[in-house]
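Novice:
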Amino acid sequence: MPRCCDKQGTNKGAWSRQEDKKLVHAGQGSWRSLPKATDLHRCGKSCRLRWINYLKPDIKRGNFMPDEEDLIIKLHALLGNRWSLIAGRLPGRTDNEVKNYWNTQIRKKLMKMGIDPDNHKLNQIAQLHFHNQPQQCISASMEKAFNPINGDADMVTDAGSCFEDDRMSAGSSHDLNLDLNVAFSFPSPTVVAGEQKKLENTEILESDEIPTLVIDQLDVGPRRRVTDDGTDSVAVGVEEMGHVREVPELEVLCGY
DNA sequence: AATACCCGCAACCGCCTCCAC
DNA sequence: TGTGGAGGCGGTTGCGGGTAT
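This is the structure in structure tokens:
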């Protein structure tokens with residue numbers, strides 16, 4: 001069965017100005033029927049992508065601000081490669097843009113700093129470097145991350161924090177009012193390790209002993225999970241679209 | 001000046017989810 | 001409940017511009 005883009009006479013590749021004009025004129029709608037209605041020889045998917053990533057009126061173009069970069073790193077630590085979710089927290093940015101920026105800029109930056117961009121942990125070389133010359137190469141926030149509250153010696157850190165001090169000294173004036181630092185000053189909740197999945201039977205755990213934090217409307221924190229067999233446990237997770245997803249990365253960030 | 005190489009980004013592709021029927 | 005179409009998402013590709021040789 002041919003795909004929609006395989007149709008004969010369907011254009012591919014870069015969009016021309018005329019095509020853009022037609023798409024702008026038509027605007028958002030039913031993507032499959034739009035090409036017919038506007039005499040655009042593009043498949044609906046292509047129209048949608050062009051609109052979302054380039055033609056949509058509220059798209060913010062140009063370089064990413066340091067605050068945005070910091071936020072991307074932190075959200076990536078929490079959510080992984082869920083670009084649409086990450087982009088949703090960055091007004092005017094698209095998932096494609098965020099993804100490209102991560103792959104071309106941030107990934108390199110983190111690797112240069114000795115941080116594995118996939119799991120946000122320091123690699124062995126960086127650990128060694130830190131122990132040899134802590135005052136010269138590690139910022140205060142990073143050092144804090146190296147010394148978890150519980151005194152554990154785990155070599156884990158929140159990569160986003162590594163950029164904070166540099167920017168403070170550079171006098172960043174942009175304040176997104178986002179405190180994404182993850183720090184539990186309470187006894188650690190039991191963390192349910194395992195694969196990331198949607199948890200249907202969960203509820204917010206309201207306990208004085210267990211902290212909850214809200215990250216830019218992203219509700220992150222421990223939940224009571226009631227499984228089918230009646231047992232309940234605590235999972236650290238992120239609520240999204242009515243579901244709670246476990247985030248093992250939080251264990252890392254919190255130094256579990 | 002010509003060529004090779006690198007890099008960023010727009011666009012494509014395939015898979016998944018949702019929803020109407 | 002199953003099925004098919006449409007939209008959405010993340011990974012990947014390839015083009016074009018910039019830089020090095």
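The first sequence begins at 1 in full-length UniProt numbering and counts up by one.
Using N, Cα and C, we set each Cβ at its ideal position, and we do this for glycine too.
Closer than 8 Å is the cut-off here; do at least three beta carbon pairs connect the region 65-81 with the region 25-41?
Specialist: At 8 Å Cβ cutoff, the stretches do not touch.
Novice: Alpha carbon to alpha carbon, how far is alanine 87 from tryptophan 51?
Specialist: Counted from its first residue, the first sequence places residue 87 at position 87. Counted from its first residue, the first sequence places residue 51 at position 51. Rounded to whole angstroms, alanine 87 to tryptophan 51 spans 16 Å at the Cα level.
Novice: In this structure, does DSSP put leucine 34 in helix, strand or coil?
Specialist: Here residue 34 is taken as the residue at index 34 of the first sequence, counted from 1. Note: leucine 34 maps to helix in three-state DSSP.
Novice: Would you report the Cα separation of aspartate 20 and arginine 42, rounded to the nearest angstrom?
Specialist: Counted from its first residue, the first sequence places residue 20 at position 20. Counted from its first residue, the first sequence places residue 42 at position 42. Cα-Cα distance, rounded: 11 Å.
Novice: For leucine 122, list the residues DSSP reports as bridge partners.
Specialist: Along the first sequence, read from residue 1 onward, the residue named residue 122 stands at position 122. According to DSSP, leucine 122 bridges with Ile115.
Novice: Can you tell me which of the three DSSP states asparagine 53 falls into?
Specialist: Stepping through the first sequence from its first residue, residue 53 is reached at position 53. Here asparagine 53 sits in helix by DSSP.
Novice: May I have the straight-line CA-CA distance separating tyrosine 101 from lysine 45, to the nearest angstrom?
Specialist: Translated into the one-based positions of the first sequence, residue 101 becomes position 101. Translated into the one-based positions of the first sequence, residue 45 becomes position 45. In a straight line, the C-alpha of tyrosine 101 is about 23 Å away from that of lysine 45.
Novice: State the start and end residues of the unbroken alpha helix (DSSP H) segment that holds histidine 76.
Specialist: Residue numbering aside, residue 76 sits at position 76 when the first sequence is read from its first letter. Looking at the DSSP string, the run of the alpha helix (DSSP H) that includes histidine 76 is 66-79.
Novice: Within 10 angstroms of its Cβ, does proline 117 collect 16 or more other Cβ (buried), or is it exposed?
Specialist: Here residue 117 refers to the residue found at position 117 when the first sequence is read from its first residue. Classification of proline 117: buried, given that the 10 Å Cβ count is 16 or more.
Novice: Using the C-alpha atoms, what's the distance from lysine 22 back to leucine 49?
Specialist: As a position in the first sequence, residue 49 is number 49, starting the count at 1. As a position in the first sequence, residue 22 is number 22, starting the count at 1. The straight-line gap from Cα to Cα measures roughly 14 Å.
Novice: Can you tell which of Arg93, Arg89, Val24 and Gly80 has its C-alpha closest to the C-alpha of arginine 107?
Specialist: Here residue 107 refers to the residue found at position 107 of the first sequence. Here the closest residue by C-alpha is Gly80.
Novice: Got a sec, what are the start and stop residues for the alpha helix (DSSP H) isoleucine 86 sits in?
Specialist: Position 86 of the first sequence holds residue 86. Counting along the chain, the alpha helix (DSSP H) containing isoleucine 86 begins and ends at 83-88.
Novice: What three-state label does DSSP hand cysteine 43 in the structure shown?
Specialist: Locating residue 43 in the first sequence gives position 43, counting from the first residue. Residue state, collapsed to three classes: coil.
Novice: Note down, in chain order, each residue of its chain lying with its Cβ closer than 8 Å to the Cβ of phenylalanine 60, except the 5 sequence neighbours on either side.
Specialist: For the purposes of this step, residue 60 is identified with residue 60 of the first sequence, where counting begins at 1. According to the sequence provided, residue 60 is lysine. The question's phenylalanine does not apply to it. So the qualifying residues of the chain are Pro91, Gly92 and Arg93.
Novice: Which residue wins for smallest C-alpha separation from arginine 82, given the options Glu68, Ser30 and Lys99?
Specialist: Taking the first sequence and counting its residues from 1, the one referred to as residue 82 is at position 82. Residue Lys99 is the option with its Cα nearest to arginine 82.
Novice: My output table needs one value for alanine 14: the three-state DSSP class, helix, strand or coil.
Specialist: Locating residue 14 in the first sequence gives position 14, where the first residue counts as 1. Reduced to three states, the DSSP call for alanine 14 is coil.
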